[in-house]
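Read the first sequence against numbering that gives the first Met the number 0 and you will find it ends at 111, with the numbers running on by one and no gaps.
Beta carbons are placed, not taken as given, at the ideal position from N, Cα and C, and that holds for glycine.
Everything below concerns the one structure shown next.
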Amino acid sequence: MTGDAKAPSSYQRFYAVIRKIPRGRVATYGQIATLAGLDGQARQVGYALAALGRSSAVPWQRVINAQGRISMRSSGPGGSIVQQRLLEREGIEFQPGGRVALTRYQWRKRGS
DNA sequence: CCACTGACGAGTG
DNA sequence: GCACTCGCCAGTG
């Protein structure tokens, strides 16, 4: 692999990180960006997910914002409920207000 | 090239 | 908790 295919769109980089999120865990946009080596580009993470699609091989539902809330894609509020449903199905509990306890479900590398 | 938009984050009052 | 501002970058007209 001499040619590492060169800069595979930043998107692929985010997808690779998101795929590592274990089931029953969630990660924030900023976290994904940092792990991808693009600290500070949280916005691009959301942009990449938006361009992805529901039939993707990426567990996009495990990505939420730093407030522990589910961001809205487009088309009003119905979209967030779908994501919540998927997360609950993985064993993630939601607090009143549609919020997730990041202190309890945020994905973190062993040790920190 | 410029302006605007967009699954965000952190800081300030 | 809420409203506002700034930063960061890609896509579109």
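As assigned by DSSP and simplified to three states, the class of residue i
i, result
"residue 82", "helix"
"residue 17", "helix"
"residue 2", "Bear in mind that the predicted position of residue 2 carries a pLDDT of just 48, short of 50, making it unreliable; the figure below should be weighed with that in mind. Note: residue 2 maps to coil in three-state DSSP."
"residue 57", "coil"
"residue 105", "strand"
"residue 65", "coil"
"residue 26", "strand"
"residue 12", "helix"
Buried versus exposed call for residue i [16 or more other C-beta atoms within 10 Å across all chains shown]
i, result
"residue 42", "exposed"
"residue 17", "buried"
"residue 92", "exposed"
"residue 63", "buried"
"residue 100", "exposed"
Rounded Cβ spacing between residue i and residue j (contact assumed at less than 8 Å)
i, j, result
"residue 9", "residue 45", "With 8 Å as the limit, residue 9 and residue 45 do not qualify as a contact, their Cβ atoms being about 12 Å apart."
Alpha-carbon spacing of residue i relative to residue j, whole angstroms
i, j, result
"residue 106", "residue 11", "20 Å"
"residue 98", "residue 31", "19 Å"
Where the alpha helix (DSSP H) containing residue i begins and where it ends
i, result
"residue 44", "41-51"
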